[in-house]
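Participant: Residue numbers (numbering that gives the first Met the number 0), protein chains in the order written: chain A, 0 to 176; chain B, 0 to 308; chain C, 0 to 199.
No residue lacks a Cβ here, since even glycine has one placed at the ideal position from N, Cα and C.
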Amino acid sequence: MRESGLRMALTLLIIGAICGGLLSMVNGFTAPVIEERAMTEFLQALEGFFPEVEDYEAQEIGDEVFYYCTDNSGNFIGVVGQVKADGYGGKISYDLAVNNSGDIIGMRISSHGETPGIGDVITREEFQSRVIGLNYADPISPGVDVDTVSGATISTGGMLSSIRRVMDIIGENFMTN
Amino acid sequence: MDRKLVVSSSPHIKSPETIRSIMIDVLVALFPVALMAVFLFGFRALATMIIAMVAAMATEAIILRRKNLFGDGSAAVTGLLLAMTLPPAPPWWVVVIGSVVAIGVGKHIYGGLGNNIFNPALVGRAVLFVSWSTHVAGNVWIKPVPFGFTADAVTQASPLVTYDASLGDLFIGTVSGALGETSALALIIGAIWLFYRGHIDWRIPGSFIGIVFILGLFDGGLYMGLYHVLAGGVMLGALFMATDMVTSPVTPAGKLIFGLGCGIVTMAIRMFGGMPEGVTFGILLMNGLTPLIDNMTLPKKFGEVKKSA
Amino acid sequence: MSTLAQEFSKGLLKENPTFRLLLGMCPTLAITTSAFFGFGMGVSVFFVLLCSNIVISVIRNFVPDKVRMPAYILVIATFVTITDMVLNAFVPELHKALGIFIPLIVVNCIIMGRAEAFARKNNVIRSILDALGMGVGVTMSLTLVGIIRELFGAGSIFGYNIMGTAFEPMGVLATPPGAFITLGILLGLFNYAFKRLGIE
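#1: Residue range of the beta strand (DSSP E) that Asn98 of chain A falls in?
#2: Tell whether a beta-carbon distance below 8 Å holds between Pro86 of chain B and Trp140 of chain B.
#3: So what's Met0 of chain B in DSSP terms, helix, strand or just coil?
#4: Would you verify that the beta carbon of Lys65 of chain C is, or is not, closer than 8 Å to some beta carbon of chain A?
#5: Using 8 Å as the limit for Cβ to Cβ distance, is Leu12 of chain C near chain A?
#6: Kindly provide the ranges of any alpha helix (DSSP H) runs that are 4 or more residues long and lie completely inside the stretch 237-283 of chain B, ordered along the chain.
#7: Of the residues B:Ala75, B:Phe271, B:Cys261, which one's Cα is nearest the Cα of Ser206 of chain B?
#8: With 16 other CB atoms within 10 Å as the buried threshold, where does Pro158 of chain B fall?
#9: From which residue to which residue does the alpha helix (DSSP H) around Val78 of chain A run?
#10: From Leu48 of chain C to Gly136 of chain C, what does the alpha carbon distance come to, in whole angstroms?
#11: If you count every other CB in all the chains shown that lies within 10 Å of the CB of Arg195 of chain C, and 16 or more means buried, which is it?
#12: State the beta-bridge partners of Cys18 of chain A as determined by DSSP.
#13: Answer with yes or no whether the minimum CB distance from Val123 of chain C to chain A is below 8 Å.
#14: Starting from Ser334 of chain B, trace the beta strand (DSSP E) in both directions and tell me its first and last residue.
#15: Do Ser33 of chain C and Ala153 of chain C have their C-beta atoms closer together than 8 Å?
#16: If Gly177 of chain A and Ile153 of chain A are in contact, beta carbons under 8 Å, what's the gap, nearest whole angstrom?
#17: Beta strand (DSSP E) containing Ala57 of chain A: first to last residue?
#18: For Pro138 of chain A, does the count of other Cβ atoms within 10 angstroms reach 16, so buried, or fall short, so exposed?
#19: If we require 3 or more residues per run, which beta strand (DSSP E) segments fall completely within the stretch 54-95 of chain B?
#20: Report the option in C:Glu167, C:Ser126, C:Gly145 whose CA atom is closest to the CA atom of Gly158 of chain C.
#21: Determine, for Trp91 of chain B, whether the minimum Cβ-Cβ distance to residues of chain C falls below 8 Å.
#22: Under 8 Å between C-beta atoms, does Trp131 of chain B make it to chain C?
#23: Going by the DSSP bridge assignment, what does Asn160 of chain C pair with across the sheet?
#24: What would DSSP say about Ile110 of chain C, mapped onto helix, strand or coil?
#25: Do Gly142 of chain A and Gly118 of chain A have their CB atoms nearer than 8 Å?
#26: Can you tell me where the beta strand (DSSP E) with Met106 of chain A in it begins and where it stops?
#27: Just to confirm my understanding: we take Phe217 of chain B, look at its own chain, exclude 5 residues before and 5 after, and list those with CB closer than 6 Å. What are they?
#28: Which of the three DSSP states, helix, strand or coil, is assigned to Thr69 of chain A?
#29: Assign Pro16 of chain C to one of three DSSP states: helix, strand, or coil.
#30: Answer yes or no: does any C-beta atom of chain B fall closer than 8 Å to that of Met135 of chain C?
#31: Quick one: which residues of the stretch 22-39 of chain A get their C-beta closer than 7 Å to a C-beta of chain C? List them in chain order.
#32: DSSP puts Glu63 of chain A in a beta bridge; with which residues?
#33: If we call anything under 8 Å between Cβ atoms a contact, is Ala114 of chain C one with Asn52 of chain C?
#34: Could you give the DSSP three-state label for Val145 of chain A: helix, strand or coil?
#35: What did DSSP end up calling Pro141 of chain B once you bin it into helix, strand or coil?
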């Protein structure tokens with residue numbers, strides 16, 4: 000059997016195509032289930048952030064979604080952003096809850112690829128408590144009013160710069176009224 | 000045994016020093032410390048020490064399938080040293096597990112006496128510390144009552160948390176703390192015996208205590224320098240744990256480096272770490288580096304030509 | 000040539016991937032904090048191993064030698080991604096706990112090892128038996144480590160409290176050093192047992 004370059008390339012191409020097809024088939028089957036579950040989890044988190052929430056309205060800004068929350072008399076009580084940060088192991092998806100005076104009241108990491116035991120400090124209380132309570136008028140800048148976690152500078156620094164960006168969006172779009 | 004050791008014909012000079020005689024010397028050296036512990040903390044301290052020693056000896060006897068409980072005495076020393084690092088009256092099962100881990104995991108898994116990398120007593124303490132910190136650290140330090148052999152136990156915070164004990168109390172030992180660590184006086188008396196018998200070298204304790212003192216100066220002048228030396232486990236660690244022959248370097252320069260390393264890690268944990276005390280982990284860490292230190296500080300052979308790099 | 004029964008049984012004890020071949024140590028140490036996680040990881044590896052062994056054995060005669068590695072990686076990565084997606088959809092707790100270690104099954108030495116050392120040279124039937132044996136071996140081993148660490152580190156097995164309420168868990172076993180200590184002791188015991196039984 001002569002092993003020409005063409006034959007090698009063709010073999011890999013065929014295997015790649017079959018694998019790709021198989022994956023997209025399975026993905027088509029599992030993706031809706033995952034999405035539905037993620038939505039239920041998100042709604043639970045949203046009610047955890049704002050127990051008095053009655054209604055919410057999704058608003059797409061850029062490629063991220065912000066939920067404008069109101070209580071039973073229609074008053075604005077806060078915003079929850081479904082946003083993304085750049086981490087060490089790809090995108091970190093998280094929810095950031097901001098009340099009507101612009102303070103961060105909660106956050107929830109919904110998926111991340113950070114190193115277990117190092118970068119995943121972002122999912123833990125010790126990091127999150129540094130962020131909660133900050134206002135959109137605060138600098139939210141590493142070393143100024145929030146410290147990064149040593150050893151996990153990329154994960155935590157990425158989170159902070161993303162929070163700054165999200166807070167700008169929230170301040171601009173929701174805090175005017 | 001390999002018969003690689005070529006022995007010339009008699010007569011031979013035989014050293015009277017055996018493992019057993021060294022271990023008995025260590026036990027003698029620990030006697031004033033143990034006495035002080037009973038004097039300060041009462042009979043519960045005696046019970047802790049006896050449980051630890053018996054459990055350690057029994058574990059070793061079972062592992063070696065030995066009928067003689069005392070054997071070469073090394074297990075008794077390990078058990079007693081472990082007890083010295085524990086609070087006066089932890090639950091008995093904590094003491095037993097500590098001894099079993101010290102002898103089983105700390106010593107015999109590596110091949111027994113002489114082959115262990117880490118100080119067995121400290122391995123036992125580290126495992127207890129990580130597993131049951133509520134029993135061996137935190138709110139367990141019994142207030143010492145001299146001559147109050149059966150007094151009720153009243154707990155108080157460690158002087159390494161409060162930083163308010165007087166230097167005199169710290170030297171005599173009338174402060175709360177682990178069994179064997181409170182009284183610098185008793186530890187020094189014990190260590191003098193070991194120095195006299197030639198079992199320990201001044202370099203490790205000297206550099207260990209020295210660096211702790213110097214770093215302590217930065218933490219608040221002369222007073223804090225002395226406080227850091229006298230409070231907590233530095234004296235016990237420097238004189239009895241770090242000097243363990245098996246797990247510390249053999250070269251003179253290596254001993255100095257080893258002691259410095261122990262002291263620096265201890266002070267780093269005390270001043271910047273989340274735990275009040277760092278002697279255990281300081282010594283364990285340096286134990287791990289011992290082979291490297293020995294390698295690094297090998298003396299140059301006479302007539303050896305330096306290899307070009 | 001060994002018998003078919005031997006192809007299966009060798010992975011259980013004699014060539015147990017974890018305790019004898021010492022392959023796939025990273026997940027063994029990292030995720031076995033509980034019996035369920037160990038079992039879940041074992042089953043995930045089992046599934047990927049079985050599928051990749053079958054496929055690689057089937058395509059072994061068509062793939063040119065020079066590109067076999069990329070071809071194997073493609074196949075393995077596909078099955079790992081499928082596992083990842085299915086776990087995410089139907090067993091979210093396990094997916095969350097195993098996290099990054101599921102995608103890392105791609106580089107798990109057991110799977111590459113069996114592909115390169117076995118499936119490449121043997122027919123489909125033998126490859127299936129090999130994967131079954133090795134997969135069961137991995138699952139048993141990881142579950143065993145998980146059971147020990149969970150029993151002493153948390154007082155339960157598969158989440159059921161065994162030790163009663165008076166038991167105070169030995170926290171060190173739930174930490175990474177505890178994983179090394181547990182694995183080390185188990186390796187020692189297995190070596191001792193094998194020596195006693197006269198297996199190699």
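Facilitator: According to the structure shown:
#1: Counting from 1 along the first sequence, the entry for residue 98 of chain A is found at position 99. In the DSSP annotation of this structure, the continuous segment of the beta strand (DSSP E) that includes Asn98 of chain A starts and ends at 89-98.
#2: As a working note, residue 86 of chain B is residue 87 in the second sequence. As a working note, residue 140 of chain B is residue 141 in the second sequence. With respect to the 8 Å criterion, Pro86 of chain B and Trp140 of chain B are classified as neighbours on the basis of their beta carbons.
#3: Residue 0 of chain B sits at position 1 when you count from the first residue of the second sequence. Reliability fails at Met0 of chain B, whose pLDDT of 46 lies under 50, so the model's placement of it is uncertain and no value is given.
#4: Position 66 of the third sequence, counting from 1, holds the residue named residue 65 of chain C. By this cut-off, Lys65 of chain C is an interface position.
#5: Here the question's residue 12 of chain C lines up with position 13 in the third sequence. Residue contact check for Leu12 of chain C against chain A: no CB pair falls below 8 Å.
#6: For the stretch 237-283 of chain B, whole alpha helix (DSSP H) runs of length 4 or above, ordered along the chain, are 251-271.
#7: Residue mapping note: residue 206 of chain B aligns to position 207 of the second sequence, counting from 1. Distance from the Cα of Ser206 of chain B is smallest, within the candidate group B:Ala75, B:Phe271, B:Cys261, for B:Cys261.
#8: Taking the second sequence and counting its residues from 1, the one referred to as residue 158 of chain B is at position 159. With 16 or more other Cβ atoms within 10 Å, it is buried.
#9: For the purposes of this step, residue 78 of chain A is identified with residue 79 of the first sequence, where counting begins at 1. For Val78 of chain A, no alpha helix (DSSP H) segment is defined; the enclosing uninterrupted segment is the beta strand (DSSP E) at 75-86.
#10: As a working note, residue 48 of chain C is residue 49 in the third sequence. As a working note, residue 136 of chain C is residue 137 in the third sequence. Their Cα atoms are separated by approximately 12 Å.
#11: Your numbering for residue 195 of chain C matches position 196 in the third sequence. With fewer than 16 Cβ atoms within 10 Å of its Cβ, Arg195 of chain C is classed as exposed.
#12: Residue numbering aside, residue 18 of chain A sits at position 19 when the first sequence is read from its first letter. DSSP lists no partner for Cys18 of chain A.
#13: The residue you call residue 123 of chain C lines up with position 124 of the third sequence. False, the Cβ-Cβ gap to chain A never drops below 8 Å.
#14: As shown, chain B starts at 0 and ends at 308. That puts residue 334 of chain B outside it, with no answer to give.
#15: For the purposes of this step, residue 33 of chain C is identified with residue 34 of the third sequence, where counting begins at 1. For the purposes of this step, residue 153 of chain C is identified with residue 154 of the third sequence, where counting begins at 1. Yes; because the gap between Cβ atoms is below 8 Å, this pair is in contact.
#16: With chain A running from 0 to 176 in the structure shown, residue 177 of chain A is simply not present.
#17: Within the first sequence, residue 57 of chain A is the residue found at index 58, counting from 1. From DSSP, the beta strand (DSSP E) with Ala57 of chain A extends over 54-60.
#18: Here the question's residue 138 of chain A lines up with position 139 in the first sequence. So Pro138 of chain A ends up on the exposed side.
#19: Within the stretch 54-95 of chain B, no run of beta strand (DSSP E) at least 3 residues long lies entirely inside it.
#20: Numbered from 1 along the third sequence, position 159 holds the residue referred to as residue 158 of chain C. Distance from the Cα of Gly158 of chain C is smallest, within the candidate group C:Glu167, C:Ser126, C:Gly145, for C:Gly145.
#21: Locating residue 91 of chain B in the second sequence gives position 92, counting from the first residue. No, Trp91 of chain B lies away from the interface with chain C (no Cβ there is under 8 Å from its Cβ).
#22: As a working note, residue 131 of chain B is residue 132 in the second sequence. Closer than 8 Å: yes.
#23: Locating residue 160 of chain C in the third sequence gives position 161, counting from the first residue. Asn160 of chain C has C:Ser155 as its beta-bridge partners, per DSSP.
#24: Within the third sequence, residue 110 of chain C is the residue found at index 111, counting from 1. In this structure, Ile110 of chain C counts as helix in the three-state DSSP scheme.
#25: As a position in the first sequence, residue 142 of chain A is number 143, starting the count at 1. As a position in the first sequence, residue 118 of chain A is number 119, starting the count at 1. Going by C-beta atoms, Gly142 of chain A is not nearer than 8 Å to Gly118 of chain A.
#26: Residue numbering aside, residue 106 of chain A sits at position 107 when the first sequence is read from its first letter. 103-110 is the span of the beta strand (DSSP E), which, as asked, contains Met106 of chain A.
#27: Locating residue 217 of chain B in the second sequence gives position 218, where the first residue counts as 1. For Phe217 of chain B, where only same-chain residues beyond five positions count, there are no Cβ hits under 6 Å.
#28: Sequence index remark: in the first sequence, residue 69 of chain A carries index 70 (1-based). Three-state result, Thr69 of chain A: strand.
#29: Residue 16 of chain C sits at position 17 when you count from the first residue of the third sequence. In this structure, Pro16 of chain C counts as coil in the three-state DSSP scheme.
#30: Along the third sequence, one-based indexing puts residue 135 of chain C at 136. In the sequence as displayed, the identity of residue 135 of chain C is Val instead of Met. It does not: the Cβ of Val135 of chain C has no partner Cβ on chain B nearer than 8 Å.
#31: Per Cβ criterion, the list reads Leu22, Val25, Asn26, Thr29, Val32, Ile33, Arg36.
#32: Residue numbering aside, residue 63 of chain A sits at position 64 when the first sequence is read from its first letter. For Glu63 of chain A, which the question treats as bridged, DSSP gives the partners A:Ile60.
#33: Here residue 114 of chain C refers to the residue found at position 115 when the third sequence is read from its first residue. Here residue 52 of chain C refers to the residue found at position 53 when the third sequence is read from its first residue. In this structure, Ala114 of chain C sits near Asn52 of chain C, with a CB-CB distance shorter than 8 Å.
#34: Within the first sequence, numbered from 1, the residue matching residue 145 of chain A stands at position 146. Three-state DSSP puts Val145 of chain A in a strand.
#35: Taking the first residue of the second sequence as position 1, residue 141 of chain B is located at position 142. Residue identity differs from the one stated: residue 141 of chain B is Ile in this sequence, not Pro. DSSP places Ile141 of chain B in strand when its eight states are reduced to three.
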